[in-house]
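See structure below.
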């Protein structure tokens, strides 16, 4: 026991008269628990960074083996060590451990997708589970193992494995469909896309975009160019990109139109095209060009106001060029709004 063993992080009042929950007012809400996890994660990183800066003998790089340690087995957690290492032991409940682990895994990139419900991914944890982390400073963690129960591997100890199964309620921690299926269409300059959005759009185009109808390569789509000629049209479900396309404001061409297969049953495709049409009003070109390769695509675009202007056979594929012209009497298309704040909620889709 030393002066490092008596630290506390007080997330709640320790007055027993207040009961177990927040300030005696009942269970904390999801936003309150997320905020508490944010505070604890910050506190933990700062505390561990402070420990690393101490320069004490029991803090060292365990990835380096000294000559006297060659016979040690690092996987044997109970054997005697030549050098003692400082270890921080955190004890908490499963759901809070999950909130902490999502932040550790995100590496300061964590964000709450919907304030009223849980994240779409989670770390399940037994009441008696052990998660092992190695800390390297400045928020850098290696997850060496999570939710392990080596002390309960005997068949006679199975009844002690509690709190870590689907029947213990973990399936209910997944956010309901209503929170993650609401669609939102938007327009963004390609060089201003958030990193997680850029990552998804590049992956979707690599998997699903036809190279025959693409006007630009993926590297060109990711490059920084003239803003009005380098725009991405998006339909998102929360943080997930459901559909995307590249739009060239100089020519009016919509290319690399990609719909996530799981989103084709909804109206994501139509929402994407409608958003592109409305953007043409902002930049005052009021026309849109797209290429179709299948009868399904041709029929969809025709049903949404496009007409065929050309048809060519290219590398054994039939490429149909189609055009849409804005109806000057349609006042909706003349709405102009700031691209940085333009959002259309599509909860009815």
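Residue numbers (the working numbering): 4 to 352.
C-beta: ideal position from N, C-alpha, C; glycine also.
1. Would the segment 251-268 count as touching the segment 202-215 if we require 3 or more Cβ pairs under 8 Å?
2. Helix, strand or coil, according to DSSP, for residue 122 in the structure here?
3. What three-state label does DSSP hand residue 82 in the structure shown?
4. Return yes when the Cβ of residue 71 is within less than 8 Å of the Cβ of residue 80, no when it is not.
5. Rank 99, 64, 103 by C-alpha distance to the C-alpha of residue 87 and give the top, closest one.
6. For residue 97, does the three-state DSSP call read helix, strand or coil?
7. Quickly, what does DSSP pair residue 148 with across the bridge? List them, please.
8. Let me make sure I understand the geometry here. Which of 105, 233, 171 has the alpha-carbon closest to that of residue 195?
9. Alpha carbon to alpha carbon, what distance is there between residue 317 and residue 250?
10. In terms of alpha-carbon separation, which member of 62, 140, 32, 149 lies closest to residue 105?
11. Determine the direct distance from the alpha carbon of residue 43 to that of residue 59, and round the result to whole angstroms.
12. Residue 97 and residue 128 - do their beta-carbons sit closer together than 8 Å?
13. Going straight from the alpha carbon of residue 239 to that of residue 274, what length do you get?
14. Between residue 245 and the rest of its own chain, which residues show a CB-CB distance below 7 Å, the 5 nearest in sequence each way excluded?
15. Any contact between the segment 135-151 and the segment 46-59? By contact I mean 3 or more CB pairs, one from each, below 8 Å.
16. Figure out for me which residue from 100, 61, 291 has the closest Cα to the Cα of residue 47.
17. CA-CA distance, residue 293 and residue 287?
18. Have a look at residue 176 and residue 125 and give me their C-alpha separation to the nearest angstrom.
19. Could you compute how far the alpha carbon of residue 183 sits from the alpha carbon of residue 241?
20. Short check: CB of residue 235 to CB of residue 284, under 8 Å?
21. Taking only three categories from DSSP, how would you classify residue 114?
22. Are there 16 or more other CB atoms within 10 angstroms of the CB of residue 247, so buried, or fewer, so exposed?
23. Enumerate, from N- to C-terminal direction, the unbroken beta strand (DSSP E) stretches of 3 or more residues contained entirely within the segment 290-335.
24. With DSSP run on the structure shown, which of helix, strand or coil describes residue 210?
25. Please work out which residues of its chain come closer than 8 Å, Cβ to Cβ, to residue 33, disregarding the five sequence neighbours upstream and downstream, and give them in chain order.
26. Quick check on DSSP: helix, strand or coil for residue 349?
According to the data block:
1. yes
2. Within the chain shown, residue 122 is the residue found at index 119, counting from 1. Residue 122 falls in the coil class under three-state DSSP.
3. Within the chain shown, numbered from 1, the residue matching residue 82 stands at position 79. Residue 82 falls in the coil class under three-state DSSP.
4. As a first step, residue 80 must be located in the chain shown, where it is residue number 77. As a first step, residue 71 must be located in the chain shown, where it is residue number 68. Contact flag unset, no.
5. The count along the chain shown starts at 1 and reaches residue 87 at position 84. With distances taken between Cα atoms, residue 87 lies closest to 64.
6. Start at 1 with the first residue of the chain shown, and residue 97 comes out as number 94. Three-state result, residue 97: helix.
7. For the purposes of this step, residue 148 is taken as residue 145 along the chain shown, with counting starting at 1. Answer is 135.
8. Your numbering for residue 195 matches position 192 in the chain shown. Nearest option by C-alpha distance: 233.
9. Stepping through the chain shown from its first residue, residue 250 is reached at position 247. Stepping through the chain shown from its first residue, residue 317 is reached at position 314. So the two alpha carbons sit approximately 22 Å from each other.
10. Within the chain shown, the letter at position 102 stands for residue 105. Residue 105 has its Cα closest to that of 149, out of 62, 140, 32, 149.
11. Position 56 of the chain shown holds residue 59. Position 40 of the chain shown holds residue 43. Those two C-alpha atoms are separated by around 24 Å.
12. As a first step, residue 128 must be located in the chain shown, where it is residue number 125. As a first step, residue 97 must be located in the chain shown, where it is residue number 94. Going by C-beta atoms, residue 128 is nearer than 8 Å to residue 97.
13. Locating residue 239 in the chain shown gives position 236, counting from the first residue. Locating residue 274 in the chain shown gives position 271, counting from the first residue. Roughly 10 Å separates the two Cα atoms.
14. By one-based count along the chain shown, residue 245 stands at place 242. If we look at residue 245 and ignore the five residues flanking it on each side, its Cβ neighbours are 186, 238, 239, 263, 266, 271.
15. yes
16. Residue mapping note: residue 47 aligns to position 44 of the chain shown, counting from 1. When each option's Cα is compared against that of residue 47, the closest is 100.
17. Reading the chain shown from its first residue, position 290 is the one you call residue 293. Reading the chain shown from its first residue, position 284 is the one you call residue 287. Using only the alpha carbons, I get a separation of about 18 Å.
18. Residue numbering aside, residue 176 sits at position 173 when the chain shown is read from its first letter. Residue numbering aside, residue 125 sits at position 122 when the chain shown is read from its first letter. Going by the C-alpha atoms only, they are around 8 Å apart.
19. On the chain shown, position 180 is the one that residue 183 refers to. On the chain shown, position 238 is the one that residue 241 refers to. Those two C-alpha atoms are separated by around 6 Å.
20. As a working mapping, residue 235 is identified with position 232 in the chain shown. As a working mapping, residue 284 is identified with position 281 in the chain shown. The answer is no: Cβ separation not under 8 Å.
21. As a first step, residue 114 is located in the chain shown; it is residue number 111 there, counting from the start. Here residue 114 sits in coil by DSSP.
22. Here residue 247 refers to the residue found at position 244 when the chain shown is read from its first residue. Classification of residue 247: buried, given that the 10 Å Cβ count is 16 or more.
23. 290-295, 310-317, 320-328
24. As a first step, residue 210 must be located in the chain shown, where it is residue number 207. Of the three classes helix, strand and coil, the one that applies to residue 210 here is helix, per DSSP.
25. The residue you call residue 33 lines up with position 30 of the chain shown. Correct list, in chain order: 118, 119, 120, 121.
26. Here residue 349 is taken as the residue at index 346 of the chain shown, counted from 1. Below a pLDDT of 50, predicted positions are generally treated as unreliable, and residue 349, at 45, falls in that range; the measurement from the model is reported next regardless. Of the three classes helix, strand and coil, the one that applies to residue 349 here is strand, per DSSP.
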